Amino acid sequence: MKLVLLSGGSGKRLWPLSNDVRSKQFLKLIRNGESEPESMVQRVWRQLASNQCLDMAYISTSQSQVDLIYNQLGPNVPLILEPQKRDTFPTIALIASYLHSVEHLGPDEVVTVMPVDSFVEDHFFQKLKGLERVIKESGADLALMGVAPTYPSTKYGYIIPVQTKKGPQSCLQVERFTEKPSVEAANKLLAQGALWNCGVFAFRLGYLLGELQKKKLPVDYDELVARYLELPKISFDYEIVEKAKHVVVVPYEGDWKDLGTWNTLTEEMSDSSVGRVHLEESANTHVINELDLPIVTIGLSDVVVAASPDGILVAAKDKSHIVKDIANYWSRRPMFEERRWGWYHVLQFQKMNDKVEVLTKQLHLHAGKNLSYQYHHFRSEVWMIVEGEGDFVLNDRLLRVKPGDVVEIPAGAKHAIKAISDLDIIEVQMGSKLVEDDIVRLGMSWHDIMEMVSEA
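Residue numbers (my numbering): 1019 to 1474.
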């Protein structure tokens, strides 16, 4: 069986810490067994390793998340890249075409997809591995995992099984689905033995490829990438699962939680505060502060406060999910990003006139890491070295830089830098279009860059 973890959306319910680049699954707000902070993606990858599942695992993601995945999991994680963030049907269609035409898997190969940010116990993955046998023995088009509900939630979708028709390994035939019901309706569903839909789907590769062909979509990966924007922006549940003729569900009775809101995430946080925080007479209150300014709370109950360079949230925990609808109105660039070489923080952005923009950043490069050899069409840059030492290349000339040094990089000038020790840089960009896409990369590894310099 192949297992593909879906690492897609921006997780705007966890604004302001999560954004289109640093999604919720990368926030290091929970702790592992050694009390070390870890992210949701690190947790699930660790669980896959302890359950001997890594050899079957891939992560499906967008290009903007590649650096974060490699930073947190290492550079050898198998990735399936989607050209643009859409919904789960286009994503899973792309996964099937990749496994078919790039990995050359046969039609009887069983593929399971699941969210990368599910908060589960280890034995969940043992149950997950059993889906391959369920698919083969039941002959079903799809096999799902359904969680035994602990309360009448209005946030989750429900799977309603036919209780009298059992299959192999106690799987149940699925009668229908209900999406996010009212509390009254959820109570009725619980009485009928309904299960929470936790977003786990297993299928034979040939089945899904056949569904794509019925929709006159290509099953070749390169062709599907070229036509990716033609695919409907719709969930896999609506486009495939609810239209399938034969669907079974495997009940799971262990702990499962979607940590997609501040309310649920703080329930699993062992620390009530992160960063420069002082809590005074505040009950069931969590404060996460990524700013240099201190945050003090006095006499608050059932509140979450989250502060980052992107903004500040103060909310009652049971209402905190509403922030997703508010954050959708803001389309400005992320103010903080983690990269393969370190991180950057936008300090200021301003438009001087209709033709000139100025952006000031703080960059931090980890020792031994480097920026790519690159140039820009639309902007010049000035760097001031604040702390640490590095090797700097400008138009094939190698220089050593140290604190207090200032370097000017004209538009079109080739440049790169490698941190000898942890390196902090203040970067000022000036130009007509200040976007992250204005980068032409000539080399990524420092070895390749040094060969270019020596040849010059």
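Where a beta carbon is used, it is the ideal one built from N, C-alpha and C, also for glycine. Just so you know, these numbers come straight off a predicted model, no measurement behind them.
Closest residue to ILE1435 among MET1468, LEU1227, LYS1030, HIS1264 (Cα-Cα distance) | Stepping through the sequence shown from its first residue, residue 1435 is reached at position 417. Checked all of MET1468, LEU1227, LYS1030, HIS1264; the closest Cα to ILE1435 is MET1468.
Report yes if the C-beta distance between ILE1427 and TRP1401 is below 8 Å; otherwise report no.
-> In the sequence shown, the residue the question calls residue 1427 occupies position 409. In the sequence shown, the residue the question calls residue 1401 occupies position 383. At the C-beta level, ILE1427 and TRP1401 come within 8 Å of one another.
Alpha carbon to alpha carbon, how far is PHE1367 from VAL1165? Give it in angstroms, no decimals.
-> Here residue 1165 refers to the residue found at position 147 when the sequence shown is read from its first residue. Here residue 1367 refers to the residue found at position 349 when the sequence shown is read from its first residue. Their Cα atoms are separated by approximately 46 Å.
Which listed residue (MET1074, LEU1311, TYR1174) has its alpha carbon closest to that of TRP1214 = As a first step, residue 1214 is located in the sequence shown; it is residue number 196 there, counting from the start. Per the Cα distances, TYR1174.
Quick one: what's THR1378 bridged to in DSSP?
-> Locating residue 1378 in the sequence shown gives position 360, counting from the first residue. DSSP output for THR1378 lists GLN1366, VAL1446 as bridge partner(s).
N-terminal and C-terminal residue of the beta strand (DSSP E) that SER1068 is part of = As a first step, residue 1068 is located in the sequence shown; it is residue number 50 there, counting from the start. First-last for SER1068: 1058 to 1068, but that is the alpha helix (DSSP H), not the beta strand (DSSP E).
For the alpha helix (DSSP H) that PRO1133 lies in, which residues bound it at each end?
-> Counting from 1 along the sequence shown, the entry for residue 1133 is found at position 115. From DSSP, PRO1133 is part of no alpha helix (DSSP H) but of the beta strand (DSSP E) over 1128 to 1133.
DSSP three-state call for GLU1436: helix, strand or coil?
-> Indexing the sequence shown from 1 puts residue 1436 at position 418. Residue identity check: residue 1436 is Lys in the sequence provided, not Glu. Correct three-state label for LYS1436: strand.
Residue burial classification, VAL1005 (beta-carbon count within 10 angstroms, cutoff 16) | No statement about residue 1005 is possible, as the shown extent of the chain runs from 1019 to 1474 and does not include it.
Following the continuous beta strand (DSSP E) through TYR1393, name the residue where it begins and the one where it ends.
-> By 1-based counting over the sequence shown, the position of residue 1393 is 375. Residues 1391 to 1393.
From GLU1355 to HIS1363, what distance separates their C-alpha atoms?
-> Against the sequence shown, residue 1355 aligns to sequence position 337. Against the sequence shown, residue 1363 aligns to sequence position 345. GLU1355 and HIS1363: Cα-Cα distance of roughly 7 Å.
With C-beta atoms as the reference, is ILE1313 less than 8 Å away from VAL1323?
-> Locating residue 1313 in the sequence shown gives position 295, counting from the first residue. Locating residue 1323 in the sequence shown gives position 305, counting from the first residue. Closer than 8 Å, so yes.
Evaluate contact between the stretch 1221 to 1232 and the stretch 1113 to 1132, counting only Cβ atoms and requiring at least three cross-stretch pairs below 8 Å.
-> yes
Pull up the DSSP beta-bridge partners for TYR1076, would you.
-> What you label residue 1076 is simply residue 58 of the sequence shown in a count that begins at 1. Paired residue(s): VAL1022.
If you pair each beta-carbon of the stretch 1246 to 1255 with each one of the stretch 1108 to 1127, do three or more pairs fall below 8 Å?
-> yes
So is ASN1094 buried or exposed if we call it buried at 16+ other beta carbons inside 10 Å?
-> Within the sequence shown, residue 1094 is the residue found at index 76, counting from 1. The C-beta of ASN1094 has fewer than 16 other C-beta atoms within 10 Å across all chains shown, which makes the residue exposed.
Skipping 5 residues on each side, what residues in its chain have a beta carbon closer than 7 Å to that of LYS1369?
-> Here residue 1369 corresponds to residue number 351 of the sequence shown, with the count starting at 1. Taken in chain order, the residues that qualify are GLU1375.
If you compare alpha carbons, which of VAL1453, VAL1419, ASN1371, ASN1205 is closest to HIS1394?
-> For the purposes of this step, residue 1394 is identified with residue 376 of the sequence shown, where counting begins at 1. Ranking VAL1453, VAL1419, ASN1371, ASN1205 by Cα distance to HIS1394 puts VAL1453 first.
Is VAL1152 near VAL1022, with beta carbons less than 8 Å apart?
-> Position 134 of the sequence shown, counted from the start, is the residue given in the question as residue 1152. Position 4 of the sequence shown, counted from the start, is the residue given in the question as residue 1022. Cβ distance not < 8 Å, so VAL1152 and VAL1022 don't count as in contact.
In the structure shown, what three-state DSSP assignment does ASP985 receive?
-> It is not possible to answer for residue 985, since the shown part of the chain is limited to 1019 through 1474.
Closer than 7 Å by C-beta to ALA1204: which residues in its own chain qualify, once you throw out the five before and the five after it? Chain order, please.
-> Your numbering for residue 1204 matches position 186 in the sequence shown. PRO1170, SER1171, THR1172.
Apart from the five residues on each side of it in sequence, which residues of its chain come closer than 6 Å, Cβ to Cβ, to VAL1138?
-> Position 120 of the sequence shown, counted from the first residue, corresponds to residue 1138. Excluding positions up to five away in sequence, the list reads TRP1274.
With DSSP run on the structure shown, which of helix, strand or coil describes PRO1108?
-> By one-based count along the sequence shown, residue 1108 stands at place 90. If DSSP states are grouped into helix, strand and coil, PRO1108 belongs with the helices.
With 16 as the cutoff for other CB atoms within 10 Å, does ALA1244 come out buried or exposed?
-> Start at 1 with the first residue of the sequence shown, and residue 1244 comes out as number 226. The residue is exposed, with fewer than 16 neighbouring Cβ atoms inside 10 Å.
Could you tell me the distance, in whole angstroms, from the CA atom of GLY1217 to the CA atom of SER1136?
-> Residue numbering aside, residue 1217 sits at position 199 when the sequence shown is read from its first letter. Residue numbering aside, residue 1136 sits at position 118 when the sequence shown is read from its first letter. Each residue's alpha carbon lies about 9 Å from the other.
Rounded to a whole number of angstroms, what is the C-alpha to C-alpha distance between LYS1030 and ASN1307?
-> Position 12 of the sequence shown, counted from the start, is the residue given in the question as residue 1030. Position 289 of the sequence shown, counted from the start, is the residue given in the question as residue 1307. One C-alpha to the other measures close to 17 Å.
Report the partner residues of ILE1427 according to the DSSP bridge assignment.
-> Taking the sequence shown and counting its residues from 1, one reaches residue 1427 at position 409. Answer is GLU1399, bridged to ILE1427.
Counted within 10 angstroms of its Cβ, other Cβ atoms place LYS1387 as buried (16 or more) or exposed = Walking along the sequence shown from the start, residue 1387 turns up at place 369. By the 10 Å Cβ count, LYS1387 comes out buried.
What is the C-beta distance between SER1390 and ARG1459, in whole angstroms, given that I count them as a contact (C-beta under 8 Å)?
-> Locating residue 1390 in the sequence shown gives position 372, counting from the first residue. Locating residue 1459 in the sequence shown gives position 441, counting from the first residue. The pair is a contact, with the Cβ atoms about 5 Å apart (cut-off 8 Å).
Closest by C-alpha distance to LYS1020, when choosing among MET1074, GLN1043, PRO1055 | As a first step, residue 1020 is located in the sequence shown; it is residue number 2 there, counting from the start. From the listed residues MET1074, GLN1043, PRO1055, the smallest Cα separation to LYS1020 is found for MET1074.
What did DSSP end up calling ASN1281 once you bin it into helix, strand or coil?
-> As a position in the sequence shown, residue 1281 is number 263, starting the count at 1. Collapsing the DSSP output to three states places ASN1281 in a helix.
Could you name the residues of the same chain whose beta carbon sits closer than 7 Å to that of LEU1318, not counting the 5 residues immediately before and after it, in chain order?
-> Indexing the sequence shown from 1 puts residue 1318 at position 300. Counting only Cβ-Cβ distances below 7 Å, and skipping sequence neighbours, we find SER1300, THR1303.
Please work out which residues of its chain come closer than 8 Å, Cβ to Cβ, to VAL1259, disregarding the five sequence neighbours upstream and downstream, and give them in chain order.
-> In the sequence shown, the residue the question calls residue 1259 occupies position 241. So the list reads LEU1160, LEU1162, PHE1195, PHE1219, VAL1265, once near-sequence residues are dropped.
Can you tell which of PHE1142, ARG1049, GLU1054 has the C-alpha that lies nearest to the C-alpha of SER1068?
-> By 1-based counting over the sequence shown, the position of residue 1068 is 50. Among PHE1142, ARG1049, GLU1054, the Cα nearest to that of SER1068 belongs to PHE1142.
Within this structure, are the beta carbons of ALA1008 and LEU1365 separated by less than 8 Å?
-> For residue 1008 there is no data in the structure shown, the boundaries of the chain being 1019 and 1474.
Roughly how far, in whole angstroms, is the beta-carbon of TYR1239 from the beta-carbon of TYR1116, given that I think they are within contact range, below 8 Å?
-> The residue given as residue 1239 occupies position 221 in the sequence shown. The residue given as residue 1116 occupies position 98 in the sequence shown. 5 Å between Cβ atoms; contact.
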